[in-house]
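Under numbering that gives the first Met the number 0, the first residue of the sequence shown carries the number 0, and numbering increases by one thereafter.
We put the beta carbon where it would ideally sit given N, CA and C, even for glycine.
Keep in mind the model is a prediction, meaning the values are calculated, not measured.
Right, one structure below, let's go through it.
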Amino acid sequence: MSVRPHPTTDETDEILLSCRYGDLEDVQAFVEKFGVEALWEVKDANANTVVHMISANGHEDVLAYLLDLPSFPKSLLEAPNASRSTPLHWAALNSQLGIAKRIVEIGGAHLIDLKNTAGRSPLGEAESAGWDEGAQFFVSTMDLGKDVEEGQTDEVVDPNQNVEITIEDAQGGIANISLGGESVKKPDA
């Protein structure tokens, strides 16, 4: 077995650009020359990985290629950059639904809850970007009932009873909602 060369800084910079621009052939050539392990180790000065670049720019074909490689480390799907943003944060920030769905499918719904240094999860990034379709996907995918013990069921509420709900958005704004006949209340200033 021959030893593969180690990529130079210029070559790692080039592969990051190839991932950013979705050049699948360049990614395949890099893997052929240096091996997949070298690809998994590539990061820029801000700790962005090849998966960050692919996710931010919506290159589903390149992501599919990486995910199909037998040694793909799922840890890359939750790898934080210098701002603690994961590839899913970047997909959310740039409204990349296909990428977001694939990352959550492979990496798990827990990725939706990871917060960056700004205190935002991928759901928060989607909300901040005004990406309703992505926010709806994240909310529909979140495992909101994982704390319910086996055998427990949701309580049935009398339809005439008022139920108060408080919701906090990504920016910390609070909305109080009363269900059961009353309308939405404005948050306290």
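Practice task
Measure the CB-CB distance between N45 and R19 and report whether it falls below 8 Å.
Solution key: No, Cβ-Cβ distance for N45 and R19 is not below 8 Å.
Practice task
Report the rounded CA-to-CA distance for W130 versus D43, giving the unit in angstroms.
Solution key: Within the model, the alpha-carbon separation for W130 versus D43 is close to 27 Å.
Problem - Opposing strand residues paired with K42 [DSSP bridges] - result: Partner(s): T48.
Problem - Where the alpha helix (DSSP H) containing R19 begins and where it ends - result: Segment 8 to 20, the alpha helix (DSSP H) holding R19.
Practice task
Just confirm the distance between the C-beta atoms of I98 and E59, as a whole number of angstroms; I'd bet it's less than 8 Å.
Solution key: Right, the Cβ-Cβ distance comes to about 6 Å (below 8 Å), so this counts as a contact.
Exercise for the section: Would you check if the stretch 108 to 122 and the stretch 63 to 75 touch, i.e. whether three or more CB-CB distances between them fall below 8 Å? Expected result: Contact between the stretch 63 to 75 and the stretch 108 to 122 is absent, because fewer than three Cβ pairs lie under 8 Å.
Exercise for the section: Label A90 either buried or exposed according to how many other C-beta atoms from any shown protein chain fall within 10 Å of its C-beta, with 16 as the threshold for buried. Expected result: A90 comes out buried.
Exercise for the section: Provide the residue span of the alpha helix (DSSP H) that contains Q27, from first to last. Expected result: Start and end: 23 to 33.
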